[in-house]
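First up is the structure itself, then whatever we jot down about it.
2 protein chains.
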Amino acid sequence: MRRWNGWGDEATEFPLRASAVRFLRQRIGKGRPLADADLDQVIESVPRSRLPEHPLVDRSPEIRVRHARGQSLGDWLAMRSGQFGVFPDGVARPGDSDQVRQVLDWALAQGAAVIPYGGGTSVAGHINPPVDDRPVLTLSLGAMDRLLRLEPENRLARFGAGTPGPALEAQLREHGFRLGHYPQSWELSTVGGWVASRSSGQQSLLYGRIEQLFAGARIETPSGSWRLPTIPASSAGPDAREWVLGSEGRLGVITEVDVRISPLPEFEQFYVGFVPDWEQARELARRLAQDRPSLSMARFSNAEETRTQLRLAASPLALSALNRYLSLRGCGKGRCMVTFGASGDAAFCRAAVKRASALVRAHGGVMIGKSLGKKWEHARFRSPYLRHGLWEHGYAVDTLETCVEWSRVDDTVSAMENAIHAHAGEGEKALVFTHLSHLYPQGSSIYTTYVFRCSPDYEQTRRRWWAMKEAASDALVACGGTISHQHGVGRDHRGWLSEEKGTRGLAALRALTAHFDPTGQLNPGCLVAEEDRP
Amino acid sequence: MRRWNGWGDEATEFPLRASAVRFLRQRIGKGRPLADADLDQVIESVPRSRLPEHPLVDRSPEIRVRHARGQSLGDWLAMRSGQFGVFPDGVARPGDSDQVRQVLDWALAQGAAVIPYGGGTSVAGHINPPVDDRPVLTLSLGAMDRLLRLEPENRLARFGAGTPGPALEAQLREHGFRLGHYPQSWELSTVGGWVASRSSGQQSLLYGRIEQLFAGARIETPSGSWRLPTIPASSAGPDAREWVLGSEGRLGVITEVDVRISPLPEFEQFYVGFVPDWEQARELARRLAQDRPSLSMARFSNAEETRTQLRLAASPLALSALNRYLSLRGCGKGRCMVTFGASGDAAFCRAAVKRASALVRAHGGVMIGKSLGKKWEHARFRSPYLRHGLWEHGYAVDTLETCVEWSRVDDTVSAMENAIHAHAGEGEKALVFTHLSHLYPQGSSIYTTYVFRCSPDYEQTRRRWWAMKEAASDALVACGGTISHQHGVGRDHRGWLSEEKGTRGLAALRALTAHFDPTGQLNPGCLVAEEDRP
Chain A
890 MRRWNGWGDE ATEFPLRASA VRFLRQRIGK GRPLADADLD QVIESVPRSR
940 LPEHPLVDRS PEIRVRHARG QSLGDWLAMR SGQFGVFPDG VARPGDSDQV
990 RQVLDWALAQ GAAVIPYGGG TSVAGHINPP VDDRPVLTLS LGAMDRLLRL
1040 EPENRLARFG AGTPGPALEA QLREHGFRLG HYPQSWELST VGGWVASRSS
1090 GQQSLLYGRI EQLFAGARIE TPSGSWRLPT IPASSAGPDA REWVLGSEGR
1140 LGVITEVDVR ISPLPEFEQF YVGFVPDWEQ ARELARRLAQ DRPSLSMARF
1190 SNAEETRTQL RLAASPLALS ALNRYLSLRG CGKGRCMVTF GASGDAAFCR
1240 AAVKRASALV RAHGGVMIGK SLGKKWEHAR FRSPYLRHGL WEHGYAVDTL
1290 ETCVEWSRVD DTVSAMENAI HAHAGEGEKA LVFTHLSHLY PQGSSIYTTY
1340 VFRCSPDYEQ TRRRWWAMKE AASDALVACG GTISHQHGVG RDHRGWLSEE
1390 KGTRGLAALR ALTAHFDPTG QLNPGCLVAE EDRP
Chain B
890 MRRWNGWGDE ATEFPLRASA VRFLRQRIGK GRPLADADLD QVIESVPRSR
940 LPEHPLVDRS PEIRVRHARG QSLGDWLAMR SGQFGVFPDG VARPGDSDQV
990 RQVLDWALAQ GAAVIPYGGG TSVAGHINPP VDDRPVLTLS LGAMDRLLRL
1040 EPENRLARFG AGTPGPALEA QLREHGFRLG HYPQSWELST VGGWVASRSS
1090 GQQSLLYGRI EQLFAGARIE TPSGSWRLPT IPASSAGPDA REWVLGSEGR
1140 LGVITEVDVR ISPLPEFEQF YVGFVPDWEQ ARELARRLAQ DRPSLSMARF
1190 SNAEETRTQL RLAASPLALS ALNRYLSLRG CGKGRCMVTF GASGDAAFCR
1240 AAVKRASALV RAHGGVMIGK SLGKKWEHAR FRSPYLRHGL WEHGYAVDTL
1290 ETCVEWSRVD DTVSAMENAI HAHAGEGEKA LVFTHLSHLY PQGSSIYTTY
1340 VFRCSPDYEQ TRRRWWAMKE AASDALVACG GTISHQHGVG RDHRGWLSEE
1390 KGTRGLAALR ALTAHFDPTG QLNPGCLVAE EDRP
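Chains as they are written, first to last, in the numbering used here: chain A, 890 to 1423; chain B, 890 to 1423.
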């Protein structure tokens, strides 16, 4: 059964190694475990539903608890403390687009706010019920998880919007295809959610972002159904698909998604190497991005991330052997880990891997055997579980991400990391580390993780979290970065949107949402709101 | 000096070969030359300007004639007959964004319609003054043709929006870079126009469409300046750049454009081959598109286009030798010409060319030496001049284009070509031929050319042209195609937009334009209008 107050299935656990706990204690002090609330207690705290009965709507307290929050650290603290604040008044689980239409019309007529819900994996408050007088209906697409149409000749597939990553790939695999979109949340997140939040997957170097994979959709808008056809390319005015990408539920409910698929790769492998320092890592990243290297993924960890990842993942013995070897080969304390992969035609991939390995060496680095690459492959969807292991020992973890041009990468990484350190709290420290993982000829994404020990109570912990997140968000936007390269805006990031869109862009976005949703009932407060700072 | 009533410079001519004229006569009958109007006569017909004086606005009749029309066949017939119907009341030629702001504010205050003007190369009526009571100001960006900023590390360049293709590439070449965007209109069209009309270039397989090359912009909107920053990628809501791409002047005047650039290629070469029939050509195209072939361009002519192109370009002697050779090698009367090219790293390109050549052979085809490829390269921007050569002999030529999925390519080509044949007019014939030139894993563009002899007068010629264009447009939209893959919507294609956007998409587009331009003064009638069929 899926956890009601955390990530993934209850049966799946990845506890911390003792050596990892020692490392954390040494770096940021002894953890302070906080007591978890009990599901039964939380269920008792759920108020009476403000929605009337409807055959497609479940108003029972437990299901309302289980759909009240996403996976941001703020959500986590709310769930763990049991202080949810607000719950949806009911959860609908329609089986097809017609039922979505039916329940959407009903909810709009009730004056309810409607929150489209995919996998519930948002880390930006996309699915959190707004606090106001209106009842809230959470509309889960979870029952719409099937392949609806396959066109092998056109490399197209249509899915129910609620299809999660593993079910989507399994259904394609039967026919010899894959989508190739692997966000960190892949186990639980859905194809409709990927579109609505403009997500990006680990192998974006080859398959592109969801923008490149999204071919068409059916959307139930307040004024009726809207089918976006799957035309390969067009110059007939602005592309309406691009209004839907990142619309975060504000224009309507995405019920079916057409995606561009690829044949299963003949070859797929991941590799790990190390370079002596960050300067080399960042230059290597830029070089790989600008040389059309035909890799499917590449990731560049800074020294602190390299150190931390290895401490969390490897036994002390193995680690010390590795470190000795790397030091001998010229990668000392400042060493940075490089992970890359290739997928597709075998001969093509082998040539790409050879070229990339040569570039690692040309940057003073060294390639390690395939074992670490395999390790990365097997563990690549595990990061969200890490929060559980840390939490047990009294530590909290969160991430922040952006995208900037190459010339701004270093300043932005510094500004983000420094802001977090500076706001860790009186007498407290944070462990902060960063990697680059989505590369473009023009620039790179930046993904920063920070671990800190909990305060003695939830409210203080939450306040420190927000202080770090807010300061780092201010810093990255000041560096010219986007407030999100892959997590979206939701309710949490709204305040940092105007720098990117401009006041004119934000006003236009409001005009667009108001056009589709004149009564403001579709995911209100998400993405844009009237009170946004100009 | 640039022609006032046709394409390109007055000094540049490409007359038809005698053998080509014989070919046309045999296929569609003896041409009927129509008499051209005289510039002086047309200038005399220009009415008094309805705009007051302004230091940045030229109201002289000749400049108003020279900015009244684009390059559609309808525009051509208007210019050649001297029946312009309507002229702009003045032409502004601001030197920078601030002057654009100044003249835009002035024109809006005058109640004028404002038509942003790049290279004047529209073939869809983008820049034709609307016929109504308002004065019309044509706002030419032609003086804003400089490189404004170069960021080699970030592979970015900023240009004045009025920079035409050759000036843009020349300024980049000095620094070792290229944009790589080569629409057929490249000699005259501008970077701002490419963005506003969502254009696509010959080497789109490698460099992408303008959507992929467009990084940011400055736009003067009625309510003020709007700077779209150059963030490499973002999930922070819908991408505002995608509202501007294809906006056709309806949101504001694009004054500066940031583009993503590439280093000058180490290697660039084009090749020609032939396959026995269309079935093989189309399958080869699909295979090349879906196998990530790393070519920069590929073009697949059907049998009629192959025949016509060779008749127009080659001497009868050379042609007959070629045909004998091809027939011996299995490419008989149904033979289809395949042109492809590769650009970039030499080793990479050679491998790609080898693979593509092997695929041509695997489809029963044969590769020809490099001479035809070089010929294509040298002649690739010449097609617009062809209209002059044909016109002198009493023939008119026009093109139509769309994009559909692979499974629909054959039906769409047939439907378009048949519709044109069926509407050539009582007792008249059209020469109709087609190629595929922009390939996607999902489908292909379709580009159809039709040549017909003029009627005894202009009005009949215009009516026959529109009957063919209208029937083919109805046909391609009925096949699920876009009304334009690379020419845009303008005023001429508006009637076929609703199938692609849906009524809801069109209504949203209207809401967006109304938001930016509440008084409806920016390029009114272009892209969307209130009277569009639902």
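For each residue, glycine too, the CB sits at the ideal point set by N, CA and C.
| Item | Value |
| --- | --- |
| Inter-residue spacing [alpha-carbon to alpha-carbon] between G1292 (chain B) and E1193 (chain B) | Note that residue 1292 (chain B) is Cys in the sequence shown, not Gly. The alpha-carbon atoms of C1292 (chain B) and E1193 (chain B) are separated by roughly 20 angstroms. |
| is_contact[H1064 (chain A), chain B] using C-beta, thresh 8 angstroms | no |
| CB contact check: Q1158 (chain B) to chain A, cutoff 8 angstroms | no |
| CB-CB length for R1035 (chain B) against T1052 (chain B), believed under 8 angstroms | 7 angstroms |
| Below-8 angstroms beta-carbon distance, C1292 (chain A) vs any chain B residue | yes |
| C-alpha distance - V1286 (chain B) paired with F1322 (chain B), whole-angstrom precision | 11 angstroms |
| Neighbour flag for E1040 (chain B) against chain A, beta carbons, 8 angstroms | yes |
| Other residues of its chain near G1233 (chain A): CB distance less than 6 angstroms, five sequence neighbours each side excluded | P1154 |
| T1010 (chain A) - DSSP class collapsed to helix/strand/coil | coil |
| Proximal chain A residues relative to T1301 (chain B), where beta-carbon distance stays under 9 angstroms | Those do not exist, as T1301 (chain B) stays about 12 angstroms from chain A at its closest Cβ, beyond 9 angstroms. |
| Nonlocal neighbours in the same chain, by C-beta distance under 6 angstroms from E1266 (chain B), ignoring five residues either side | F1159 |
| L867 (chain A) to D1299 (chain A) span [Cα, whole Å] | Since the displayed chain A opens at 890 and closes at 1423, residue 867 (chain A) lies outside it and no answer follows. |
| Whole-number beta carbon distance between L1030 (chain B) and T1144 (chain B), since they are thought to touch under 8 angstroms | 7 angstroms |
| Contacts of T1119 (chain B) in chain A (Cβ-Cβ under 9 angstroms) | E1294, Q1331, G1332, G1369 |
| Outcome for A909 (chain B) when other beta-carbon atoms lying within 10 angstroms are tallied against a minimum of 16 | buried |
| Spatial distance of P950 (chain A) from G959 (chain A) (CA atoms) | 17 angstroms |
| Beta-bridge partners of A1106 (chain A), as assigned by DSSP | A:L1117, A:V1146 |
| The stretch 1356 to 1383 of chain A: positions lying closer than 9 angstroms to chain B by Cβ | G1369, G1370, T1371, I1372, S1373, H1374, Q1375, H1376, G1377, V1378, H1382 |
| Closest Cα partner of D1021 (chain B) within the set B:L1028, B:G974, B:E942 | B:G974 |
| CB-CB length for A1001 (chain A) against Q1331 (chain A), believed under 8 angstroms | At roughly 43 angstroms, the Cβ-Cβ gap does not stay under 8 angstroms, so A1001 (chain A) and Q1331 (chain A) are not in contact. |
| C-beta atoms of R1188 (chain B) and H1324 (chain B) nearer than 8 angstroms | yes |
| Buried or exposed by the 16-neighbour rule on C-beta atoms within 10 Å, applied to M1033 (chain A) | buried |
| Neighbour list for W1167 (chain B) in chain A, Cβ cutoff strictly below 7 angstroms | Those within 7 angstroms of W1167 (chain B) in chain A number zero; the least Cβ separation is about 16 angstroms. |
| Ranges of the beta strand (DSSP E) found wholly within the stretch 967 to 1001 of chain A, counting only runs of at least 3 | 979 to 981 |
| Classification of L1215 (chain B) by the beta-carbon crowding that lies within 10 angstroms, buried from 16 upward | buried |
| Where the alpha helix (DSSP H) containing H1404 (chain B) begins and where it ends | 1387 to 1405 |
| Of the residues A:G1391, A:G1370, A:R916, the one placed nearest E1290 (chain A), counting alpha carbons only | A:G1370 |
| Straight-line gap, C1238 (chain B) to A1245 (chain B) (C-alpha atoms, nearest Å) | 10 angstroms |
| Chain A contact for N1043 (chain B) (CB, 8 angstroms cutoff) | yes |
| Those runs of the alpha helix (DSSP H) which lie wholly inside the stretch 1248 to 1335 of chain A and span at least 4 residues | 1259 to 1268, 1272 to 1281, 1298 to 1311 |
| Distance between L1275 (chain B) and D847 (chain B) (C-alpha atoms, nearest Å) | With chain B covering 890 to 1423 only, the question about residue 847 (chain B) has no answer from this structure. |
| Distance between A1400 (chain B) and D1421 (chain B) (C-alpha atoms, nearest Å) | For D1421 (chain B), the predicted model reports a pLDDT of 43, less than 50, meaning its position is unreliable; a value from the coordinates is still stated below. Spanning the two alpha carbons is a distance of roughly 14 angstroms. |
| Proximity test, Cβ basis, 8 angstroms: T1110 (chain B) and chain A | yes |
| Alpha carbon of L1068 (chain B) to alpha carbon of V1148 (chain B), nearest angstrom | 7 angstroms |
| Selected residue, minimal CA-CA separation from D978 (chain A), among A:A1013, A:T1027, A:P1111 | A:T1027 |
| Within chain B, the residues that P1127 (chain A) reaches when beta carbons sit closer than 7 angstroms | E1131, W1132, L1134, G1135, S1136, L1398 |
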